[in-house]
Amino acid sequence: MTVAVLSDVHGVLPALEAVLAEAAVRAAELIVVTGDISAGPQPVEVLDRLLAEGERVVLVRGNADRELVALVDGGETRIPDPIAPWAAARLAARPDLVTLLRGLPHPLVRDVPGFGAVLFCHGSPRDDDEVVLVDTRPERWAEAFADVADDVRTVVCGHTHMPFLRLVDRRTVVNPGSVGMPYGGSGAHWALLHDGAVTLCRSAFDVAAARDRIAAGCDYPDVAEWTDYYLHSRASDLEALRVFGPRDGRVSAAGRPAGG
Numbered sequence: 001m002t003v004a005v006l007s008d009v010h011g012v013l014p015a016l017e018a019v020l021a022e023a024a025v026r027a028a029e030l031i032v033v034t035g036d037i038s039a040g041p042q043p044v045e046v047l048d049r050l051l052a053e054g055e056r057v058v059l060v061r062g063n064a065d066r067e068l069v070a071l072v073d074g075g076e077t078r079i080p081d082p083i084a085p086w087a088a089a090r091l092a093a094r095p096d097l098v099t100l101l102r103g104l105p106h107p108l109v110r111d112v113p114g115f116g117a118v119l120f121c122h123g124s125p126r127d128d129d130e131v132v133l134v135d136t137r138p139e140r141w142a143e144a145f146a147d148v149a150d151d152v153r154t155v156v157c158g159h160t161h162m163p164f165l166r167l168v169d170r171r172t173v174v175n176p177g178s179v180g181m182p183y184g185g186s187g188a189h190w191a192l193l194h195d196g197a198v199t200l201c202r203s204a205f206d207v208a209a210a211r212d213r214i215a216a217g218c219d220y221p222d223v224a225e226w227t228d229y230y231l232h233s234r235a236s237d238l239e240a241l242r243v244f245g246p247r248d249g250r251v252s253a254a255g256r257p258a259g260g
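First residue of the sequence shown? That's 1 in UniProt numbering, and the numbers climb one at a time after it.
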């Protein structure tokens, strides 16, 4: 069985289409999207495209998905990216999609041949907004995984937009990176689980053409700046690590990265 794992699409349809066009993804029996699907310039279009793939697509809730629903309901959000209220307003015109986002699971455990029980989550197994990084301290990993069943030997997360693959106390931990809002390198990042092996992947696409296409169909006032910054991956991985550091128990934050 082959499982393609996507995360943090953030409403960028051209990036999603680039991944879905990959031969390995077309052939995958299962596509799992580990959250933050719609908070971006094409929220409705991205969800419609994923739903068009039918039952082989499984969606997991991200913090941004949860907070978009809260905005539709008249609440507030902690998402630092100002595009979120705009995206929520677009989703409000599609009650079916709001209902879909409202009901997404977190976490989700599926049996994957070659891996056994695999836990898919967004931030961490216990919290869709928790930050765990490639160099998170062992004691924090232990806290984040405290309630994970012993038979789960693979955990797939997202949220930080930076791909990594590492061992944590005999468990394999995978972050596929971000499809639509990557930090540290442009392109759409994703992962493949096949035959007990994990492969981190990247799909290149024409960023300039994607930027123009998004701008042509999007009335978000700052869409040109948004697409330039995020699609070109203006934030480096080191900048993102500095920003996320305090949420991982480190000391100071600086810089702009707003996803997650």
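The C-beta atom is built at its ideal place from N, Cα and C for all residues, glycine as well. Please read all numbers here as calculations on a predicted model, not as lab measurements.
Handout entry: C-alpha gap between Ala197 and Val174, whole angstroms
Key = 11 angstroms
Exercise for the section: Measuring alpha carbon to alpha carbon, tell me which of Arg110, Ala188, Asp195, Leu13 ends up nearest Val156. Expected result: Arg110
Problem - Contained beta strand (DSSP E) runs [length at least 3] in the stretch 33-88, N- to C-terminal order - result: 57-59
Handout entry: Between the CA atoms of Glu45 and Gly255 - distance to the nearest angstrom
Key = Reliability of the predicted coordinates at Gly255 is poor, the pLDDT of 49 falling under 50, and no value is obtained from them.
Handout entry: Beta carbon of Ala92 nearer than 8 angstroms to that of Val69
Key = No, Cβ-Cβ distance for Ala92 and Val69 is not below 8 angstroms.
Handout entry: Residue range of the unbroken beta strand (DSSP E) whose run includes Phe244
Key = Note, Phe244: premise wrong, no beta strand (DSSP E); alpha helix (DSSP H) at 237-244.
Problem - Proximal residues to Thr94 (C-beta, below 7 angstroms), its chain only, five neighbours per side dropped - result: Strictly speaking, residue 94 in this sequence is Arg, with Thr absent from that position. Excluding sequence neighbours, Arg94 sits near Val44.
Problem - Of the listed residues Asp212, Pro246, His194, Val207, nearest to Val25 (C-alpha basis) - result: His194
Problem - Environment of Ala204 [buried if 16+ CB atoms lie within 10 Å] - result: exposed
Handout entry: Per DSSP, the bridge partner or partners of Leu231
Key = Leu231 pairs with nothing; no bridge assigned.
Practice task
Leaving aside the five residues before and after Arg213 along the sequence, list all residues of the same chain whose C-beta is less than 7 angstroms from its C-beta, in chain order.
Solution key: Pro14
Handout entry: Ranges of the alpha helix (DSSP H) found wholly within the stretch 113-149, counting only runs of at least 4
Key = DSSP runs (the alpha helix (DSSP H)) wholly in the stretch 113-149: 138-144.
Practice task
Report yes if the C-beta distance between Leu97 and Val60 is below 8 angstroms; otherwise report no.
Solution key: The Cβ atoms of Leu97 and Val60 lie no closer than 8 angstroms to each other.
Exercise for the section: Measure the beta-carbon distance from Thr34 to Phe120 and round it to whole angstroms, keeping in mind my assumption that it falls under 8 angstroms. Expected result: 5 angstroms
Handout entry: C-beta atoms of Gly62 and Ile83 nearer than 8 angstroms
Key = no
Exercise for the section: Leaving out five residues on either side along the sequence, give the residues of the same chain with a beta carbon under 7 angstroms from the beta carbon of Val112. Expected result: Cβ neighbours of Val112 within its own chain (closer than 7 angstroms, five residues either side excluded): Met1, Val3, Val118, Leu193.
Practice task
Decide if Ala209 is buried, meaning its Cβ has at least 16 other Cβ atoms within 10 Å, or exposed.
Solution key: exposed
Practice task
Kindly give me the distance between the Cβ atoms of Pro41 and Cys201, rounded to whole angstroms, as I take these residues to be in contact under 8 angstroms.
Solution key: In fact, because the Cβ distance is near 24 angstroms, the residues do not count as touching under 8 angstroms.
Exercise for the section: Let me know the secondary structure DSSP gives Arg247 once reduced to three states. Expected result: helix
Exercise for the section: Measure the alpha-carbon distance for Arg90 versus Gly11 and round it to whole angstroms. Expected result: 11 angstroms
Exercise for the section: Say yes only if the C-beta of Ala93 is nearer than 7 angstroms to one or more non-hydrogen atoms of the ligand ZN, and no if none qualify. Expected result: This structure lacks the ligand ZN; in fact it carries no ligand of any kind.
Problem - Distance, Gly114 Cα to Glu67 Cα - result: The straight-line gap from Cα to Cα measures roughly 35 angstroms.
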